[in-house]
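Notes follow the structure.
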Amino acid sequence: MSRTNRKTGPMTTAIHAGEAPDPTTGASAPAIHMSSTFVSDDISGFSAHDLTADSPYAYARWANPTVAMLEAKIAALQGAEDCLCTASGMAAATAIFFTFLNQGDHLIVSDVSYAGVAELARDTFPRMGVEVSVVDMSDPQNIANAIRPNTRLIHSESPANPIGRLTDLAAVSTLAREAGAIHSTDATFASPIGQDTVSLGVDLVMHSTTKYIGGHGDAVGGAVAGRADLVRKMRLEASIHHGGVLSPFNAWLIARGASTLPLRLKAHQAGALAVAEWLEAQPSVTRVIYPGLPSHPQYDLARRQMANPSGMISFQVGGVSDGERIARSMIENLNIIHYAVSLGHHRSLVFWMETQGLMDSSFRLDPAQTQSYRAFAGDGIFRLSVGLEDPEDLIADLSAVL
Ligand SMILES: *Cc1c(COP(=O)(O)O)cnc(C)c1O
């Protein structure tokens, strides 16, 4: 956006932020800079600690022009001061955790969170001397109760994967600020378009760019956007020292996807609403959880906090044996929707997540938390990522198995 200072709308921002015509070739589309090193006009080396925002490119683990283009685009889309891109969504999560948590610190993490994050918090951090509280964040009071003098980081996820439960992000941001802690949020389900997470007071917003931002199921990546001072620390610690950097090729694919994110999210939302309303009318479907439906238990919060409820639906079909039978039938009988993990792609994806199995493996929640989870998910949910196909084709596909 070199030629104007005017703040542009989200569709213009998605297309132009971070990009400009190539000054030497005139190419309108961005180049892929597949270069690991960059020629120097300085005779001696320098430390990564000396890097500033206008240091020349030196080595691609420190910075690469194509990755920097995507970082500028995501920062602009998210309305954040800066952004760090990483090799995956999990590398974005570890960039936050391993940059800001020290031995003796206390982490508060959502009891329903991406399984990799839940397992990392439960198994890895205690081994490293970090205290962890796993908290049901649907009620901010639970977080207030869990805060200790050494609470350094509060990590929420809204909407939470896989059940679509929400956290009042503005309330948690206030609690974090009062406690002198950093508030990070995983907003992968919402994308930067579905939720203005920065303006809710969140310090760091992470995304698995594998999902909506990339949007086409062809590249794994992650991003953390937010306060410039915090992003700078992560760039030094996570990129330069831990080394989980995004490849320029994936950055280019994800940036091309991000260019159409506002348009795609509108279509995801419209398709998801049509499918969710149809699901609610099916006798075999016992519950539909979609933040865009008035039946969502936190619909008021969804309306306050989300600009677009995106395309993620969770639905129940009764008990474990019903779920198992339908999941098997989906594998055999779905023609359009793929039975697969992941989400946010142009192709629709569905996957069954049985509650007890998740409790035994990833979540291992206490009885009260398990009860709260079951209030949302029963014995299990089908997590449906509504893609960009015609909704009536998705409905026809689902009606053959439900
Ligand atoms: C997929 C996902 C992640 C992990 O991202 P990867 O790119 O697979 O490493 C983290 N959080 C949420 C909410 C996700 O859906």
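Numbering of the sequence shown is given in the working numbering, commencing with residue 322 and proceeding in unit increments. Ideal placement from N, C-alpha and C gives every residue a C-beta, glycine not left out. Remember, predicted model here, so these are calculated numbers, not experimental data.
Residues that residue i bridges to, as DSSP identifies them
i, result
"Leu670", "His659 and Ser706"
"Asp507", "Glu478 and Met527"
"Arg486", "Ala481"
"Leu372", "In the DSSP output, where bridge partners are listed per residue, Leu372 has none listed."
"Asp403", "Gly547"
"Gly515", "Bridge partners of Gly515: none, in fact."
"Thr358", "Tyr380"
Residue i beta carbon near ligand 1 (any heavy atom closer than 8 Å)
i, result
"Met411", "yes"
"Gly632", "no"
"Ala572", "no"
"Thr518", "no"
"Tyr694", "no"
"Asn482", "yes"
"Thr345", "no"
"Tyr378", "no"
"Thr488", "no"
"Ser663", "yes"
"Phe510", "yes"
"Asp550", "no"
"Ala698", "no"
"Glu478", "yes"
"Gly542", "yes"
"Val725", "The structure shown does not extend to residue 725, since the chain is modelled only from 322 through 723, so no value can be given for it."
"Val494", "Looking at the sequence itself, residue 494 is Ser, so the reference to Val does not match. No - ligand 1 has no heavy atom lying nearer than 8 Å to the Cβ of Ser494."
"Thr445", "no"
"Gly536", "no"
"Ala439", "no"
"Ala546", "no"
"Ser505", "no"
"Ser669", "no"
"Ser642", "no"
"Gly616", "Sequence check: residue 616 is Ser here, not Gly. Checking every heavy atom of ligand 1 against the Cβ of Ser616, none is found closer than 8 Å."
"Ala593", "no"
Range of the contiguous beta strand (DSSP E) that encloses residue i
i, result
"His427", "His427 to Ser431"
"Met527", "Leu525 to Ser529"
"Ile475", "Thr472 to Glu478"
"Val609", "Arg608 to Ile610"
"Gly543", "Gly543 to Gly547"
"Gln637", "Met633 to Gln637"
"Val453", "Glu452 to Val456"
"Leu391", "From DSSP, Leu391 is part of no beta strand (DSSP E) but of the alpha helix (DSSP H) over Pro386 to Gln399."
Terminal residues of the alpha helix (DSSP H) in which residue i lies
i, result
"Asp643", "Val641 to Asn654"
"Tyr620", "Tyr620 to Gln626"
- prompt: Does the segment 660–671 come within contact of the segment 527–539, defined as at least 3 CB pairs closer than 8 Å?
  reply: The segment 660–671 vs the segment 527–539: in contact.
- prompt: Is there contact here, the segment 516–531 with the segment 396–413, by at least three beta-carbon pairs under 8 Å?
  reply: Yes, the segment 516–531 is in contact with the segment 396–413.
- prompt: Does the segment 543–558 come close enough to the segment 417–434 to have 3 or more Cβ pairs within less than 8 Å?
  reply: Here the segment 543–558 makes contact with the segment 417–434; the two share three or more CB pairs at distances below 8 Å.
- prompt: Is the segment 382–389 close to the segment 352–372, with three or more CB pairs under 8 Å?
  reply: By the criterion of at least three beta-carbon pairs nearer than 8 Å, the segment 382–389 is in contact with the segment 352–372.
query: Can you find at least 3 beta carbon pairs, one from the segment 702–717 and one from the segment 682–693, that sit closer than 8 Å?
result: Taking a cut-off of 8 Å on C-beta distances, the segment 702–717 does not touch the segment 682–693, as fewer than three cross pairs fall below it.
Segment contact, 8 Å Cβ cut-off, at least three pairs: the segment 493–506 with the segment 466–475: With the cut-off at 8 Å, the segment 493–506 and the segment 466–475 touch.
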